[in-house]
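K.L.:
In our numbering, the protein residues as written are 229 to 667.
We put the CB at the ideal spot given by N, CA and C, even for glycine.
All figures in this text were calculated on a predicted structure; none of them were measured in a lab.
Handing you a structure now.
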Amino acid sequence: MSLVARIRAGAVLGVLVVFAPPAAVSLGPVGGQIASVSRGADTAELLKDGLPPEGSQSEEPDLDVSDGVETSGVLRSKITDVLDQQASALLQGNLAGFLASTDPADTALRSQLTRRFASLRAMRVAVFEEALTGTLRVEQGGHVAASVRLRYCFVATRCAPVETTVQTYWSATAGQPRLTTFKTSTPEQTGPRPWEVSELQAVVGKRVVVAGTKRWASRLKSILAAAERAAAVADRYAKWDSPPSRYIVYVAGSDEWSQWHGVRQASWVAAYAMPLNATHTEIVLNAQKVAVSDARDVLQHEFAHVVTLSGVQRTYPNSWWLVEGIAEYIQNVGASTYRYRAFGDGRRYARSGRWNGTIPLSEPDSTATTSEANGRYAVAFLAVRRLVERYGEWRMLAFFNAVAREGQGLEAASSAIFKVSWSKVSEDCTRYVRHALGG
Ligand SMILES: [Zn+2]
């Protein structure tokens with residue numbers, strides 16, 4: 229199941245956050261298996277990626293290598309062993325072992341796998357499993373196609389592993405399976421994952437892992453320092469689940485920004501949160517847009533999404549204002565309302581007449597200007613701030629839980645938690661926002 233909502237925040241910082249929480253918009257079976265038996269889809273992929281032409285047609289959906297020696301069970305067992313050995317080699321830092329199943333002459337595959345090995349090791353991969361899933365398919369020329377489910381965690385071994393399923397191809401004519409192709413996760417699997425396609429360096433702190441390509445290496449430590457401060461605040465709002473063992477932040481240049489996770493973001497978006505399972509959400513930071521001095525603010529907002537939406541398995545199309553409002557609230561907790569970054573855009577939005585006084589705003593549409601998007605964030609932020617001022621933070625959190633996380637109606641949640649009808653609460657918030665922003 230996958231994510232849902234697209235959350236955008238344009239901003240002074242361009243904090244437009246396209247957020248795809250595990251509950252909302254269906255990006256496809258995150259963590260699930262791809263339909264490895266779908267020959268049509270596999271063929272299309274083969275063609276697209278220019279794999280060996282002789283391998284582009286499936287002859288049998290689930291057959292063995294009928295060279296008179298192997299049976300599907302034997303081959304399956306051999307490939308399983310190879311995958312186990314490869315995963316173990318990665319965890320042990322043994323590159324030669326990781327490459328052992330490849331042809332030494334296949335420099336393209338070996339350099340691709342070497343890059344992947346280096347990235348995962350830099351990020352301190354702590355759990356890595358590779359398991360066959362679905363049936364093996366023998367194709368012309370003896371190529372064997374196999375779906376492989378990957379499960380992995382960074383830094384901590386006690387974790388809820390992130391999953392993805394990738395396609396692999398093997399040559400099995402020599403009696404021993406030899407890996408010939410190891411593809412990356414498709415967009416349906418929120419792929420490619422950054423470590424699958426980019427050579428990453430990483431710095432690891434107490435609460436955060438920050439990874440990026442060589443181009444951003446000189447910034448990684450500063451971003452980590454900012455991220456650690458942001459994490460310390462976000463951790464306090466992990467009310468419904470344990471905070472993540474580490475927040476994961478990928479620093480993207482322009483190439484990676486349009487490649488990672490298969491999502492196309494506007495170039496001015498500052499960061500987005502990408503849920504990879506019900507409890508694990510990773511952050512991609514747009515290094516082109518976010519100066520190191522702004523990294524803490526942007527990441528505090530993103531980490532707030534990580535902790536407040538952890539475990540949510542449903543969509544929340546009607547709670548955009550609450551989901552973003554609480555992230556803005558956590559980003560700005562302890563600071564004066566009038567120092568709020570989007571305050572100016574909020575005033576412009578309110579005074580333009582485009583805001584009709586509604587508190588439960590929906591997300592800005594795709595044609596919204598950055599300023600208008602920020603204006604909506606400002607309304608959402610101020611409304612949540614008002615709930616805290618009037619009813620206390622813990623009641624605001626209870627209300628957020630009821631509405632955004634559990635999907636209760638505003639009226640029922642308001643009566644139960646604030647002991648006041650939603651219309652009264654909403655009117656009060658509207659007055660507060662108008663007082664702050666004018667309009
Ligand atoms: Zn957000």
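1. Can you tell me which of Q493, L327 and R349 puts its alpha carbon nearest to the alpha carbon of A340?
2. In terms of residue numbering, what span does the alpha helix (DSSP H) encompassing G657 cover?
3. When we look at the beta-carbon of Y577 and count the other beta-carbons within 10 Å, is it buried (16 or more) or exposed?
4. Is N584 buried or exposed, if buried means 16 or more other CB atoms sit within 10 Å of its CB?
5. Flag this pair as yes or no: are the beta carbons of A430 and A384 separated by less than 9 Å?
6. Given a cut-off of 9 Å, decide if V491 and K517 are closer than it, judged by their beta-carbon atoms.
7. Bridge partners of T393, per DSSP?
8. Whole angstroms is fine: what's the gap from G667's alpha carbon to V607's?
9. Could you give the residue range of the alpha helix (DSSP H) that holds I554?
10. Verify whether the separation of the beta carbon atoms of L428 and P422 is less than 9 Å.
11. Alpha carbon to alpha carbon, what distance is there between Y478 and A501?
12. By the three-class DSSP mapping on this structure, what secondary structure does N602 have?
13. Using a Cβ-Cβ cut-off of 8 Å (strictly less than) and excluding sequence neighbours within five positions of S649, which residues of its own chain qualify?
14. Count the other CB atoms, across all protein chains shown, that sit within 10 Å of the CB of R567; report buried if there are 16 or more and exposed otherwise.
15. Have a look at A570, V616, C381 and W398 and flag the residue whose alpha-carbon is nearest the alpha-carbon of A373.
16. For S399, list the residues DSSP reports as bridge partners.
17. In the DSSP assignment, find the unbroken beta strand (DSSP E) run with Q429 in it and report its ends.
18. Which stretch, first to last residue, makes up the alpha helix (DSSP H) that contains L574?
19. Buried or exposed: where does Q417 fall if 16 or more other Cβ atoms within 10 Å of its Cβ makes it buried?
20. Which of helix, strand or coil does DSSP assign to G637?
P.N.:
From the atom records:
1. Here residue 340 is Gln; the residue named in the question, Ala, does not match the sequence. Closest option to Q340, Cα to Cα, is L327.
2. Per the sequence shown, the amino acid found at residue 657 is Cys instead of Gly. W650 to L665 is the span of the alpha helix (DSSP H), which, as asked, contains C657.
3. buried
4. exposed
5. no
6. no
7. R377
8. 12 Å
9. W548 to Q559
10. yes
11. 10 Å
12. helix
13. E639, S642 and S643
14. exposed
15. W398
16. H371 and R406
17. Q429 to V432
18. The displayed chain sequence assigns Gly, not Leu, to residue 574. Unbroken alpha helix (DSSP H) run through G574: F571 to R579.
19. buried
20. coil
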